[in-house]
Every structure is written in structure tokens, then in C-alpha cells.
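Per our numbering: the sequence shown ends with 523, consecutive numbering throughout.
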Amino acid sequence: MTSIGHELTSVQNLGSRTIRGTFWLVLGKGYQQTLLLLKAIILGRLLGPEEFGLVGIALLTVQFLATFTHTGFASALIQQPDLDDRDISTAWWVLLGRGTFIALVLFLLSPWIAALFKEPKAIPVLRAFGGIQFLLAFASIGLVLLSKSLEFNKLFKYEAWSSTVELVVAVIIALWYRNVWALVGGILAGTLVRVVLSYVIYPYFPRFTFDMRSAINLFKFGQWLLFGAIMFYIFSRAADAMSGIMFGVAALGIYQMASRFALLPTSQIGELSFNAIFPAYSLIQNDAEKLQQTFLKVLQISSLVIFPLTALMIVVVGPILPLVLGAKWAEVVNLVPGVALGGMIQAMVRTGAPLFMAQGKPRLLFAVDLVSALGVLICIYPFSKYFGLAGLAWGYAAGLTLGVPLWWRLVQSQSGLSAREIMVAIFPTLLASALLATIIEIPVKMFLSDHILWFFLSGLAILSIIGVILFLILIILMERFVPGYKPINSTLALIKNYLNTSKGPVTEAFC
Numbered sequence: 013m014t015s016i017g018h019e020l021t022s023v024q025n026l027g028s029r030t031i032r033g034t035f036w037l038v039l040g041k042g043y044q045q046t047l048l049l050l051k052a053i054i055l056g057r058l059l060g061p062e063e064f065g066l067v068g069i070a071l072l073t074v075q076f077l078a079t080f081t082h083t084g085f086a087s088a089l090i091q092q093p094d095l096d097d098r099d100i101s102t103a104w105w106v107l108l109g110r111g112t113f114i115a116l117v118l119f120l121l122s123p124w125i126a127a128l129f130k131e132p133k134a135i136p137v138l139r140a141f142g143g144i145q146f147l148l149a150f151a152s153i154g155l156v157l158l159s160k161s162l163e164f165n166k167l168f169k170y171e172a173w174s175s176t177v178e179l180v181v182a183v184i185i186a187l188w189y190r191n192v193w194a195l196v197g198g199i200l201a202g203t204l205v206r207v208v209l210s211y212v213i214y215p216y217f218p219r220f221t222f223d224m225r226s227a228i229n230l231f232k233f234g235q236w237l238l239f240g241a242i243m244f245y246i247f248s249r250a251a252d253a254m255s256g257i258m259f260g261v262a263a264l265g266i267y268q269m270a271s272r273f274a275l276l277p278t279s280q281i282g283e284l285s286f287n288a289i290f291p292a293y294s295l296i297q298n299d300a301e302k303l304q305q306t307f308l309k310v311l312q313i314s315s316l317v318i319f320p321l322t323a324l325m326i327v328v329v330g331p332i333l334p335l336v337l338g339a340k341w342a343e344v345v346n347l348v349p350g351v352a353l354g355g356m357i358q359a360m361v362r363t364g365a366p367l368f369m370a371q372g373k374p375r376l377l378f379a380v381d382l383v384s385a386l387g388v389l390i391c392i393y394p395f396s397k398y399f400g401l402a403g404l405a406w407g408y409a410a411g412l413t414l415g416v417p418l419w420w421r422l423v424q425s426q427s428g429l430s431a432r433e434i435m436v437a438i439f440p441t442l443l444a445s446a447l448l449a450t451i452i453e454i455p456v457k458m459f460l461s462d463h464i465l466w467f468f469l470s471g472l473a474i475l476s477i478i479g480v481i482l483f484l485i486l487i488i489l490m491e492r493f494v495p496g497y498k499p500i501n502s503t504l505a506l507i508k509n510y511l512n513t514s515k516g517p518v519t520e521a522f523c
């Protein structure tokens, strides 16, 4: 057993550790996403859709290569109860080789990739991203070990510093040059900080050893993650790629800007849920009753957050974006509703991911992702052909719904929950969120006709506050009259549990 800390695989105080970890994850992601929003708003006014589209081509390509070379080793290290130095060193060398391969492909094949999007300006951008990927490959494997031991407070510092540097550098370059290299330069600076800090916060240096047996053992778990990652890329990025191929680089920039805002709450909640809950699930995978109770709470709390945020995103945030970003981004208004709805479906379906993974059944996650990916591929072309760029967004949402029935069935079988328990966890909040959107939508359209910006924004803020209050009142009433429906109580219990962690032993409200 490698000497990376007793807490790495200990179930002692798991509830309090999970809550502390979730707190730091939320804080870190909140800070990181705030900076990303500031970056999008500031650079969105300084630059245009074409510059964002050029970087979008590079990001799509990097994600494509990363997906098809995905080893799943990081998740395998988290899931395995027993690790030794050979496993960790082997994983690091494999990941280094993967990063080097991605960098070479980006550099050598950049002319052909640019030709696919009919955009020769993308060639130097793609090659720059190749260098960035090569640097990133040298990051410490200790980041994975920190996740395994739920030490997300250290990861918060890592993300906070790197994201801050990325924003500052990008804005400085944009103010001076007003071109795509502001975006590239910011990402490069952030990557350099990430690599250095990864060894500062966890000074673990792998040995110069590679064990084929360890690699095979890790890949037995990771192979299904590879297949799942491919499916995830298809249903999450197919619409982005289609926008650039069919409608041009500027359309890609517009679509990705809409996605950046529309998917912000749901994508981050899904990622937070996975990062915080997967290690905890892994430690209680043999306790069926505790696993069932924990998953039900996660499902109720996820619904309580995801559904109303999606409603507000559709009826409130969408109309604001052209006012904030400028007239050149006006088309994002038509894209936000479809993208946000698809993000909501995807986030809810991903609640099953840590459950399947912790039980050592990544093939189930792959099955759900496969159906979702096929659905997106089937829907996005006809939707975009008949409804244009906005049709891509609605095709994305429509395709993802095809994976919901399979997710439902697998969640039932793996958690032991009944259909009624799942319905009670989801549908009351979904109904309340639909009412929230309906109540706000008409007044928003009335305010939208007013050309005084401050009056419009003030009206939206007031409407949002009123809507959230009405939503919470409705949820409280349903908690009283719907048996088994307790999302607010579960959330308050988690908060109370976290506040008590500094005072000694705590009641395990989460696990």
C-alpha cells in the first residue's frame, strides 16, 4: 500500500469528509465559473464570434483526441481500494504518452483539420494548442490522489490560481491586440500555472517504472470509460462541430458562447456531483442500504438545484446576453432555450454515473451514453436542416431524451429504488420549475421591450427574486403533502452537518 495517507481509503467520518469536500468543490467551481463568465463577457465585447470560433475548432479537436485516447486511469485509481506506487507511476507515464501523442497529432494534422472547417486561420491556433497539451501532460498525478482522499480544499487553490492567471493574461492581451491570441495566450498562461502548482500542492513524483500488469489491470476498469467518453463526446459536442461545419466558424463561436452560459449551472452541478460523490460511493459500495439512501438524497437535491436554474436560464438569462455581450452576439437568444433544456436532461442522467462507477459497472454508464449519443446524432441534422442554427440546439435536447428511459431502468436496478421513489424525487420539483418559468416569462417579455438597460435589468432581478420565493414556497408545501419528498430538509441537513464538522463527530446526513 503506497504511503499517500490513511484517509485515502478510510471510511472513517466519510459523511463529514464528503460534505467538506463538496463545500470546497462548490466554492472552487463557483469561483472558477465566475472568472469564466467574466472572461466571456469582457472578451466577448473585445473580440467577435470568429475569434471564439477559431479557438472553438481547437478545443473541439483537443476534446476529440482526448476522448478517443481516454484511458480511464484516473477514475480507476479513485475506484480501486488498494493502490501501490507501481499503479500510480504506470498511470502517470501512460498519461504523459497520451498527452505527447495528442500534441503531435495537433501539430501535424492541423492543415487537414482546418480544411474540414474551411478555415485556414485555424492552423496556427491548432498548433499552439498542441504545445499547450504537451505541457499539460506533465501535471502531477497527485491531483487524482487528492480527489481520492476528498482533499478538495487543495484543489480549490490549484484551480483558483490558474483560472485567475488565465483571465488576467487573456484580458491584457485582448486590450492590446484584439485578436484570437488573447484567448490562446490566456489558456497557455493558465496551463503553465497548473503544471507548476500541481507539484506544489501534492509533491508526489512518480518513479521511473512502468508495470504492464498494472496498466492492464487499470485499463480493465478504464476500457468502459473509454467507450463512455466517446459516447459523451458525441452527444455533448456533435452539435458544436455541426455548427462550425455547416454554418461557419462565426456560427461555431456563437453556438459555443450560448452553450457557455446555458450549460453553466447544469454542467457544473453534474461535474461537482460526480467529483464529490463518486469517491464516497466507492467507499460504501458494499453497503446497499446506505448507498440507496445516499443516492435518493443526491437525486432530490440535484433536482432542486438543476430544474429551477434551467427555468431561469431559459426565460431570464437568454434575453440578457445580447445586451451584455453586444449586438454581434444577438443570435444566442435563439440558442439558449434548447441548449439549456438539453443540459438539464444531461445533468439529471449523469446523476447515475457515480452510482454505476462506484459499483465497478462503468459499462452501464456506457450503455446510457450510447443511447444518448445515437439520439443526438439522429436528431441534430434534420433539426438543423429545417430550423437552422437554433435547430441544432433543439436537436441536441431532443436526442438526449432518448437516453432517459434506459437511465431510469438502470438506476432502479442498481440503487434498489422503486419507480415511485424516483418519480417523487424528480417530478414535484420539475412541476414547480415549469410554473416558475411560466410566471416569469410574460413579464420578462414586457420588460424586454423597454430600451432603458438599467430598468430592464432591475425588472429581471425583481422578477427572479419573486419567482424563486414562490418556487420555494411551492416546494415547502409539496414537502408537507408528498410522502418521501424532502429535498429542502436533505439540503439543510447537509449544511448543518458541514457546520458541525469543526465541532467534533457529526451525524452522517449524506452517507
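Backbone N, C-alpha and C fix where the C-beta goes; we use that ideal spot for every residue, glycine too.
- Here Glu343 is buried. Its C-beta has 16 or more other C-beta atoms within 10 Å.
- Put simply, the backbone Cα of Ala103 is about 19 Å away from that of Phe239.
- If only complete runs of 3 or more residues are kept, the segment 333-373 shows no beta strand (DSSP E) anywhere.
- Residue environment analysis places Tyr398 among the exposed positions, since fewer than 16 neighbouring C-beta atoms fall within 10 angstroms of its C-beta.
- Restricting attention to Ala134, Thr112, Pro417, the CA atom closest to the CA of Met435 is found in Pro417.
- Between the segment 128-138 and the segment 63-72 there are three or more C-beta pairs closer than 8 Å, enough to call the two in contact.
- Going by DSSP, Asn165 is part of the alpha helix (DSSP H) stretching over 164-189.
- Contact between Leu386 and Gln45 does not hold, since their C-beta atoms are separated by about 30 Å, which reaches or exceeds 8 Å.
- Sequence-distant partners of Ile185 (beyond 5 residues in either direction) whose C-beta falls short of 8 Å from its own C-beta, in its chain, are Trp193, Ala194, Gly197, Gly198.
- About 16 Å separates the beta carbons of Gly355 and Val345, which is beyond the 8 Å limit, so they are not a contact pair.
- Secondary structure of Val192 (DSSP, three-state): coil.
- Under the three-state reduction of DSSP output, Arg219 falls in the coil class, being neither helix nor strand.
- Trp419 and Arg98 have their C-alpha atoms roughly 36 Å apart.
- In this structure, the straight-line span from the alpha carbon of Ala151 to that of Phe273 is close to 29 Å.
- The alpha-carbon separation between Leu50 and Arg57 amounts to approximately 11 Å.
- Two segments are said to touch when three or more pairs of C-beta atoms, one from each, lie closer than 8 Å; by this definition the segment 422-431 touches the segment 362-375.
- For Lys130, there is no enclosing alpha helix (DSSP H), since its DSSP letter is neither H nor E.
- Contact check for Tyr214 and Leu147: beta-carbon distance about 18 Å, past the 8 Å limit, so the pair fails to qualify.
- Residue environment analysis places Thr363 among the buried positions, since at least 16 neighbouring C-beta atoms fall within 10 angstroms of its C-beta.
- The beta carbon of Val328 sits closer than 8 Å to those of Ile452, Val456, Leu472, Leu475, Ser476, all from its chain and outside the five residues before and after it, given in chain order.
- Closest by C-alpha distance to Ala444, out of Ile485, Pro349, Ala263, is Ile485.
- Between Met258 and Ser396, the beta carbon gap of about 6 Å places them in contact (Cβ cut-off 8 Å).
- Between Leu89 and Lys160, the C-beta gap is smaller than 8 Å, which places the two residues in contact.
- Rounded to whole angstroms, the gap between the alpha carbons of Val208 and Val494 is 52 Å.
- Nearest Cα to Leu55 within the set Leu187, Tyr267, Phe307: Leu187.
- Listed in chain order, the non-local C-beta contacts of Leu412 below 8 Å within the same chain comprise Phe247, Gly354, Ile357, Gln358, Val361, Ser384, Gly387, Val388, local neighbours out to five positions each way being set aside.
- Boundaries of the alpha helix (DSSP H) harbouring Ala134: 134-148, taken from the DSSP string.
- In this structure Val74 touches Ile114 by the C-beta definition: roughly 7 Å separates them, less than 8 Å.
- Per DSSP, Ile266 is one residue of the alpha helix (DSSP H) stretching across 261-274.
- Closest by C-alpha distance to Thr306, out of Ser427, Val180, Ser87, Gly143, is Ser427.
- In the three-state DSSP reduction, Ala251 falls in the helix class (H, G or I).
- Secondary structure of Gly428 (DSSP, three-state): coil.
- The beta carbon of Pro132 is closer than 6 Å to those of Ala126 in its chain, skipping five residues each way along the sequence.
- In this structure, the CA atom of Val336 is about 10 Å from the CA atom of Ala52.
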